[in-house]
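K.L.:
I'd like to ask you about the structure that follows.
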Amino acid sequence: MRPPIKHYSTLDSTNEEAKRRGTAGETGPLWIITDHQTHGRGRRSRHWQSPAGNLAATGLYHWAGPLLRSAQLGFAAALAATDTLSSFVRDPDALTIKWPNDILLNGAKIAGILLESGASRHGGHWIAVGIGINLAKAPDDLPYPATALGDHLKKGREVPSPEAVLSKLIDAFERWRTELQHEGFAPLRTAWLSRAHGLGRPLSTSAGETGVFEDLSKEGALVLRQNTGRSIEISAGEVFFADREG
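Spelled out as structure tokens, the structure:
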């Protein structure tokens, strides 16, 4: 059964609403969507612009396992977003996933994911899975290339409504979440690597490490092969390729 959807005309942010509900004791599953965000956030508390017609949504879920592994829901969300967008775009092969959770189309960012968590009154944790997708318009004045679905639609297609996209997105996310729950991270890792942006290319990290994007670990960390030949795992932060895509 598809989780219920709560639709708001305006919110500070869908993630904030999910956090309020989780802190109050709700466990979900539940999805929250809004037509307008006044204080949308991306990773590292960056402001996330949400022009009219774009998707701003957050899923609230209960997580009973180790909190560290809840980050794997971000991979499920990235795969779900890619699957969803693939049904609309002219060239699905142009969709890639930049570690850990940005969706790129022809190298420009079209979607982002933000996971947040907190202790649940019922044991375990609540997890907020925030997803923003540029449907009608890419935000302006960004420090990286961005694009919108409307510029890449199959011939004869119109820009879908956020509600229509969310329905497809939830179904795809539930498939990947169920796969994660029953089969573990391995099938998600395989699917993610098949769509990985920049695999085998040089990069630098926000912590100053440099090397080549070699692999994805069995837990979801980026495996970086340094110039010395030593491989290290990057579990947090951001990565930058030479062309600064995404």
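With the working numbering as the guide, the letters of the sequence shown map in order to residues 8 to 253.
Ideal Cβ positions, reconstructed from N, Cα and C, are used throughout, including at glycine.
Return the first residue and the last residue of the alpha helix (DSSP H) that Lys175 is part of.
P.N.:
Unbroken alpha helix (DSSP H) run through Lys175: Pro169 to Glu190.
K.L.:
By Cβ distance below 7 Å, which residues in the same chain neighbour His14 in space, the five residues on each side in sequence not counted?
P.N.:
Here the set comprises Ile40.
K.L.:
If you drop the 5 nearest sequence neighbours on each side, which residues of the same chain put their C-beta closer than 7 Å to that of Arg232?
P.N.:
Only Gly218, Val219, Glu221 and Ser238 meet the Cβ criterion.
K.L.:
In the segment 190 to 226, which residue ranges form an unbroken beta strand (DSSP E) of at least 3 residues, counting only runs that do not cross its ends?
P.N.:
Those beta strand (DSSP E) runs which fall completely within the segment 190 to 226 and span 3+ residues are 209 to 212 and 217 to 223.
K.L.:
Please tell me whether Leu1 and Leu74 are closer than 9 Å, where the distance is taken between their beta carbons.
P.N.:
Missing from the structure shown is residue 1; the chain here goes from 8 to 253 and no further.
K.L.:
Ordered along the chain, which non-local residues of its own chain (more than five positions away) have a Cβ less than 8 Å from that of Leu80?
P.N.:
These residues qualify, in order along the chain: Tyr68, Trp70, Leu122, Ile134, Val136, Arg184 and Leu187.
K.L.:
Fully enclosed by the segment 10 to 52, which beta strand (DSSP E) runs are 3 residues long or longer?
P.N.:
The segment 10 to 52 contains these whole beta strand (DSSP E) runs: 12 to 18 and 37 to 44.
K.L.:
Could you give the DSSP three-state label for Ala143: helix, strand or coil?
P.N.:
Three-state DSSP puts Ala143 in coil, outside helix and strand.
K.L.:
Glu240 to Glu165, Cα distance in whole Å?
P.N.:
Each residue's alpha carbon lies about 42 Å from the other.
K.L.:
Do you know how far the Cα of Gly163 is from the Cα of Ile117?
P.N.:
If you take the alpha carbons of Ile117 and Gly163, they lie about 21 Å apart.
K.L.:
Would you kindly report the start and end of the unbroken beta strand (DSSP E) that includes Ser127?
P.N.:
Here Ser127 belongs to no beta strand (DSSP E), and DSSP marks it neither H nor E.
K.L.:
For the candidate residues Ile177, Ala143, Met8 and Asp147, whose alpha-carbon lies nearest to that of Gly66?
P.N.:
Looking at the Cα atoms, Ile177 is the closest of the given residues.
K.L.:
Using alpha carbons as the reference points, say which of Leu149, Gly157 and Glu33 lies closest to Ala126.
P.N.:
It is Glu33.
K.L.:
Which value, in whole angstroms, describes the spacing of the CA atoms of Arg128 and Gly29?
P.N.:
Going by the C-alpha atoms only, they are around 9 Å apart.
K.L.:
Going by alpha carbons, who is nearest to Ala193 out of Ala31, Gly35, Glu226 and Lys26?
P.N.:
Taking only the C-alpha atoms, the option nearest Ala193 is Glu226.
K.L.:
Any idea what DSSP makes of Asp98, helix, strand or coil?
P.N.:
Asp98 falls in the coil class under three-state DSSP.
K.L.:
Which residues share a DSSP beta bridge with Ala64?
P.N.:
Its beta-bridge partners are Ile40 and Ile138.
K.L.:
Do you know how far the Cα of Ser168 is from the Cα of Ser16?
P.N.:
In a straight line, the C-alpha of Ser16 is about 14 Å away from that of Ser168.
K.L.:
Between the alpha carbons of Phe36 and Ser124, how many angstroms are there, rounded?
P.N.:
The amino acid at residue 36 is misidentified as Phe; the sequence shows Pro. Computed Cα separation, rounded: 14 Å.
K.L.:
Which residue's Cα is closest to the Cα of Thr103: Ala214, Arg27 and Arg202?
P.N.:
The option with the nearest alpha carbon to Thr103 is Arg202.
K.L.:
Determine whether the beta carbon atoms of Glu181 and Pro10 lie at a separation below 9 Å.
P.N.:
Yes, these two residues count as a Cβ contact at 9 Å.
K.L.:
At the level of alpha carbons, what is the spacing between Ser77 and Lys144?
P.N.:
Cα-Cα distance, rounded: 31 Å.
K.L.:
Exposed or buried, what is His159 when buried is set at 16 or more other beta-carbons lying within 10 Å of its beta-carbon?
P.N.:
Buried.
K.L.:
In the DSSP assignment, find the unbroken beta strand (DSSP E) run with Asp158 in it and report its ends.
P.N.:
Here Asp158 belongs to no beta strand (DSSP E), and DSSP marks it neither H nor E.
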